[in-house]
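The next block holds one structure in the form of structure tokens; read it before the comments.
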Amino acid sequence: MLEKTFRPAEVEAKHYARWEGAKAFAADPKSKAPPYTIMMPPANVTGSLHIGHALTFSIQDILIRYYRMKGRDALWQPGTDHAGIATQMVVERQLAEEGLHRRDLGRDAFLNKVWDWKAQSGGTIMRQLRRLGTSADWARERFTMDDGLSLAVRKVFVDLYKQGLIYRDKRLVNWDPKLHTAISDLEVQQVETKGKLWHFKYPIEGKTDRFIVVATTRPETMLGDSGVAVHPDDDRYKDLVGKHVILPLVGRRIPIVADDYADPETGSGAVKMTPAHDFNDFEVGRRHDLELINIFDRDARLNDQVPEKYRGLDRYAAREQVVADLEAKGLIDRVERHLHKVPHGDRGGVAIEPWLTDQWYVDAATLAKPAIEAVEQGQTRFVPRQWENTYFEWMRNIQPWCISRQIWWGHQIPAWYGPDGTVFVEMGEQEAEAAARKHYGKAVALERDADVLDTWFSSALWPFSTLGWPEETPELARYYPGDVLVTGFDIIFFWVARMMMMGIHFMGEVPFRDVYIHGLVRDQHGQKMSKSKGNIVDPLELIDSYGCDAVRFTLAALTTPAGRDVKLAESTIEGYRNFGTKLWNAARYALMNGAAIDPKFDPAKCRQPVNRWIVGKLAETARGLDEAFAAYRFNDVAALLYHFTWHQFCDWYIEFTKPILSRGDEAAIAETRAATGWVLGELLRLLHPMMPFITEELWEQVGASRNELLIAADWPSFAADLTDPEVEAEIDWTIRLISEVRAVRAEVNVPAAAKLALLMKGADIKTRTRLAAQGEIVERLARLDRIDPDAKDVPKGAVQIVIGEATAYLPLADAIDLDQERARLGRETFKLDGEIGKIDKKLANQQFLAKAPPEVVEEQKERRAELVEKRDRVAVALERLSPA
RNA sequence: GGGCGCGUAGCUCAGCGGGAGAGCACUACGUUGACAUCGUAGGGGUCGCUGGUUCAAUCCCAGCCGCGCCCACCA
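Below you can see the structure in the form of structure tokens.
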């Protein structure tokens, strides 16, 4: 006997251990079954499970369990990402607590520390993922800095370099003055900042009283100015083009140039040019051959290129000083308050500084071309489709990808420099030495590039590096390309686009067929979750409170086809927890009534109409689920399961079969027990991907097949069409009728059963005719008035009703407010009349009759008839309730 | 500035050319032996606004209003 409620906490760990023990998550490269592959986005090794993970991994687990049950050889490839900057920061923070800096340790010792940290704390998120029920193939877990993956990284780097697709270049980069590294454009966040706009007067050379006004939000950069730009058609400044200004405070003579970049409408129409510290100025400077004057060091303090007074000042201190000095000289025209966006590093949190350095770049534009075509041609498909636009937009405007980082934790760049600076890019030191020997004709000392690669460089290889590339492993042949990649839109650029580029380039084929993009999880008000707002929801706490299944089901149910963000309210989870309880109790009821899985049971051979009906509904639900899964419509999956379980199986089937089980003949009872057991068993299969724990527990309790775990069971497929249209029509119609009858109540003071009988007797002359035509079941229903209102065994407040072989009890309200009831029926009549009127108008419209498809016209006529019938019934009921 | 998306019941959201839907919340009644984590019923919507296409528009098209996100830029 089952407990009265399901206690998730008691069984989740047990079943997870059973699954793992049975190797139920393992893919089998030797299998003959068609593969189904999902590459798990490598989790940040520093991370811990947050609600966004819960969403993305729930979806992936639902998919992988579904396809596994469908008979596919399912591989869910898990792993973690070394998360270069993030991890290094974590370990550096620890060192700082001991009063140390990484430089105190030196590179090797520091890296050892990081590896120690990883060994100790790096597995947190993978452990937490198990609480979610994720059925990844843990034996295949990979880490982006594994030997194998590191080899793949080196090979990709070397190959791309030799193909001319990786190169070294001196350009402006986004420099993080706190982390002391370059970062890519994507790692820069624009932060809205209240600032000021200073208008400076730059004196024109040789014209004592003439100034040109330039505006800036960053006064300190003027120390690095090497020109002023005006628009070529700007009449105000035409005469000044080619002249020079004398840069205040510095005294440098810098040219005034004409360039389209200067917008006459903005500010004064003249712009100061700081080519070494502004991306736009850099381009203008390049066109006009302006001097590049680097005025910052790596901390964004002023260096020796500025007058002595300012040297060593922090950029913000320098700003104040420059403003004060210009003010003193009367060179400030005016100052405005100004709201603008300041670029910040997404990890360091300080304003980034455009800085001129040597870095490694990937020629992304070249790699992007085939990656664009692959999506255009549908080799990879985004779901929902609209994300393809985002992808195209970015890919078509892609900039060189800066891949070098000035940190220690990561894949060190396989480049070695000779004494004269010649670079040798090779797989290893020996190869580099050999290449150098060849180049110089003798052995020379080489120095390895100190930089490491952007973390996303190794992530980009994930779909094939995890499968053993560059070796030609059986896994690589079998599981590449993956079937679907599931991720949030926030990393389309960071990750999806780059996997596409690398996958196509190195494997000659897209890395995945579908990219399923889901939304972000927000709080119930639609606010982004954040520490500062204090609205973070911890998925593990939710699992503790409501059970894993409820959390998973909720997240899936909220995942709509439009890919909207998921607004998560705890009450919703509670509702789906209740759903689990409902299922639990249905199973409990079934067991109490002798339902069991009978291997000899053939659903196609049921004789009882209700049994035939539920079997058909189950098959219909299963078909719907297959469609929903194929389209990634998780909300539909959830709704279909919820509706079938609660509103068909529990509300009607169980109620209809109660009389059979208590009073039917032996054959009917046996069939009903078997049918109930069978439906329950199939239902558990259908629910399993969404709710793995409760279903596995019930599967065990129902004793279905003692040797088989539900996770390894087959997904139901119904060869024969189990839906009997006649039975379906009859029972569906009966349900509708009962619902209506329930709604149309009769007088007070009449015993409950009699009310229904009287109502049926009086109200449905037309209905009765129709009933007669509906066959046995409804015919019996039509004989309701023969049921003895005082029949024994009829529970209080209920009426007995006969459907097929079954007798059911229909609860009816005892006390009814007569006035209220009349008012309700009156409104109902009015509404029905209105609808009928609408259809009449339509049917009188010649153009409608001429142009609408005949079946639509027919439909409208039928609907009219139904409405009229209903209206008549309501009218009779109303009449009966009216005072004589 | 460019792009994407969203405005449907009090809330969260499906639907997307011919009957306005679900869950939650709300109200009333009930509680029978699977289930109070329950049951039955009910109230509640000019489907953002304005035009157009159509025999027919919540659905398609255009414009407007409001909201969100992404990219670029704001000297």
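Going by this note's numbering, the first residue of the first sequence is number 4, and it counts up by one from there. A virtual CB, placed ideally from N, CA and C, is assigned to each residue, including glycine. Because the structure is a prediction, the values reported are computed rather than measured.
Check	Outcome
Just tell me which of Ser533, Ile62, Ala122, Asp119 has its CA closest to the CA of Ala139.	Ile62
Is the separation between the beta-carbon of Val499 and that of Ile507 shorter than 8 Å?	no
How many angstroms separate the CA atom of Glu726 from the CA atom of Val682?	Position check: residue 726 holds Thr in this sequence, whereas Glu was assumed. For Thr726 and Val682, the distance between alpha carbons rounds to 14 Å.
Please give me, in chain order, every unbroken run of the alpha helix (DSSP H) with length at least 4 that falls completely inside the stretch 60 to 147.	87 to 100, 105 to 108, 110 to 124, 127 to 134
Taking the DSSP output, what are the residues bridged to Tyr364?	Tyr170, Cys405
Does the stretch 478 to 495 come into contact with the stretch 107 to 120, if we say contact requires no fewer than three beta-carbon pairs (one atom in each stretch) closer than 8 Å?	no
To which residues of the same chain is Ala418 closer than 6 Å at the C-beta, ignoring the five residues directly before and after it?	Val426, Val428, Asp452
Leaving aside the five residues before and after Ile657 along the sequence, list all residues of the same chain whose C-beta is less than 7 Å from its C-beta, in chain order.	Ala589, Tyr592
Would you give the residue range spanned by the beta strand (DSSP E) that Gln192 belongs to?	191 to 206
According to DSSP, simplified to helix, strand and coil, what is Pro473?	coil
For Lys445, which of helix, strand or coil comes out of DSSP?	coil
Taking Asp486 as part of the beta strand (DSSP E), name the residues at either end of that continuous run.	485 to 491
Whole angstroms are fine: how far does the CA of Arg110 sit from the CA of Tyr394?	38 Å
Verify whether the separation of the beta carbon atoms of Glu190 and Gly348 is less than 8 Å.	yes
Helix, strand or coil: which one does DSSP assign to Glu478?	helix
By how many angstroms is the C-alpha of Ile335 removed from the C-alpha of Glu311?	22 Å
Exposed or buried, Ala371, counting other C-beta atoms within 10 Å across all chains shown (16 or more means buried)?	buried
Beta-carbon within less than 7 Å of Asp829's beta-carbon, same chain only, minus the 5 sequence neighbours each way: which residues are those?	The question names Asp, but residue 829 in the sequence shown is Gly. If we look at Gly829 and ignore the five residues flanking it on each side, its Cβ neighbours are Leu881.
Can you say whether Asn614 is buried or exposed, counting buried as having 16 or more other CB atoms within 10 angstroms of its CB?	buried
Check whether the stretch 75 to 84 touches the stretch 33 to 45, counting contact only when three or more Cβ pairs, one atom from each stretch, lie closer than 8 Å.	yes
According to DSSP, what are the bridge partners of Trp419?	Phe427, Arg451
So Arg68 and Pro612 are in contact, right, with Cβ under 8 Å, and what is the actual spacing, rounded?	Rounded, the Cβ-Cβ distance is 34 Å, inconsistent with contact.
What three-state label does DSSP hand His341 in the structure shown?	strand
Span of the beta strand (DSSP E) holding Asp517?	515 to 521
Which runs of the alpha helix (DSSP H) spanning at least 4 residues fall entirely within the stretch 251 to 316, listed in chain order?	282 to 291
Provide the residue span of the beta strand (DSSP E) that contains Gly230, from first to last.	230 to 233
Which runs of the alpha helix (DSSP H) fall wholly inside the stretch 498 to 582 and span at least 4 residues, in chain order?	500 to 510, 542 to 549, 551 to 560
I need the DSSP call for Val156, collapsed to helix, strand or coil.	helix
Can you say whether Met504 is buried or exposed, counting buried as having 16 or more other CB atoms within 10 angstroms of its CB?	buried
Could you have a look at Met43 and say whether DSSP puts it in helix, strand or coil?	coil
Could you tell me which residues DSSP pairs with His347 in its beta bridges?	Gln192, Ala354
For Glu474, which of Ala89, Phe652, Ala12, Leu154 has the nearest alpha-carbon?	Leu154
Tell me Thr219's beta-bridge partners as DSSP assigns them.	Trp201
Can we say the stretch 436 to 443 touches the stretch 160 to 171, given the rule of at least three CB pairs closer than 8 Å?	no
Please state whether the Cβ-Cβ distance between Ala559 and Val640 is less than 8 Å.	yes
How about Trp201 and Thr360: do their beta carbons lie closer than 8 Å?	no
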